Amino acid sequence: MVKKLRFWLNFGIGLAIAAFFLWLFFRSVKNWGELWDSLLTARYIFIVPAILISLATFIFRALRWHYLLYGIKRIPSLRLFSPMLIGFMGNCLLPARAGEFIRAYLLAQRENIKLTASLATLVVDRMFDMFVLLLLIAGVLLFYPLDETVLLSATGRSLEDIRFFLGVVATSAFAGLVGFILLLYYKKDAAARILSAVLFFLPSGVRQKIVALFVSFTEGLHIFKNGRHVCIAVVISIAQWILGALMFYPLFFAFGIQEKLSLTSVAVVLAAASVGVSIPTPGYAGPFHFFVQVGLQLCDSSISDTTAKAYALVTHIATFFPVILIGIGFAFKEGISLAQMEKTSEQLKESVE
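Everything in the sequence shown is counted per the numbering used here, starting at 31 for the first residue and increasing by one.
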């Protein structure tokens, strides 16, 4: 009963967030016929290279995961595609990013490694993504000539405010996370004492469980033993994000806005889209649409609302639908249903808690 309640609560929260951002996205539509015409007249041939580039990023993701796992077990990149794409599909269709737990569980079961080690590699995996994303957003805010009127209208904050937030708050938080993970790996006992002190307000039993869980994660941090592998993972991450940015470029041609935008504009759209993806909603609907539109109009405010909205809608399909379909295919091959995935993710969350 509690599991079902938690599932529907998470799902309901995700739907509410999606509904709010979809309302923000669609509220300025004055002529629905014009939006429909924009979608009908788009040159959909350009969605093909966009999808191919998007799927190619998973080659780099699998390769990076291979290096993150290297100190635990040497697993060929090709063997990582199935759990990875099933996990990404789960993130799209299940609430609260349940796909991450599924991905870790499938890998642990298939390759006979500890679940905590598998989960730890995903934490480090996201850490590399966060590192490149912060670099990307910092580069956009510092060097790209953004339209501040659009930024103020969309966020209610000036460019200086956002620069300050990212420069101080986000960077400090990231540095703290990296510092703690390194301390956890190199000085396990010291990290355990610090974490226990930070969690002083929790009951002793709960605090000890959390500390023990974090300490067990050290088994998945073997990449830090090998500086060469860390550098390779950073290079792969940068290549993956560059490829991810290029995915947005063919769709400029689909809507005839390529002459208004430069190739570097894809960095702005990717940065904005990444903010949207970080907000958990079913199928990434809502925040993704809203922030892609904002990113596009930050590059050139002369792009009409109708065109920007149509672009966001098509980009959402090109980005997520192929991954969902391929993930479902892998899940079918593995004999896993969505119901089983949800049940497994709930069990894993309980074991972690």
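The C-beta atom is built at its ideal place from N, Cα and C for all residues, glycine as well. Since the structure is predicted, the reported quantities are computational estimates derived from the model, not experimental observations.
Contact annotation, residue 115 with residue 88: C-beta distance approximately 7 Å; criterion of less than 8 Å satisfied.
Three or more beta-carbon pairs separated by less than 8 Å are not found between the segment 46 to 59 and the segment 136 to 143, which leaves the two stretches without contact. Residue 314 and residue 101 have their C-alpha atoms roughly 33 Å apart. Here residue 336 is buried. Its C-beta has 16 or more other C-beta atoms within 10 Å. If you ignore the 5 residues before and after residue 290, its C-beta comes within less than 7 Å of the C-beta of 330, 332, 333, all in its own chain and listed in chain order. Check the Cα spacing between residue 255 and each of 365, 245, 97, 302: the tightest is with 97.
DSSP places residue 248 outside any alpha helix (DSSP H), giving it a letter other than H or E.
Distance from the Cα of residue 84 is smallest, within the candidate group 207, 167, 348, for 348. The C-beta of residue 178 has fewer than 16 other C-beta atoms within 10 Å across all chains shown, which makes the residue exposed. Cβ atoms of residue 275 and residue 305 stay farther apart than 8 Å, at about 14 Å. Collapsing the DSSP output to three states places residue 316 in coil. Annotated as proximal: residue 328 and residue 176, with beta-carbon spacing under 9 Å. Bounds of the alpha helix (DSSP H) holding residue 202 are 201 to 216.
In this structure, residue 171 and residue 193 form a Cβ contact; the two beta carbons are roughly 5 Å apart against a cut-off of 8 Å. If you draw a straight line from the Cα of residue 47 to the Cα of residue 211, it is about 31 Å long.
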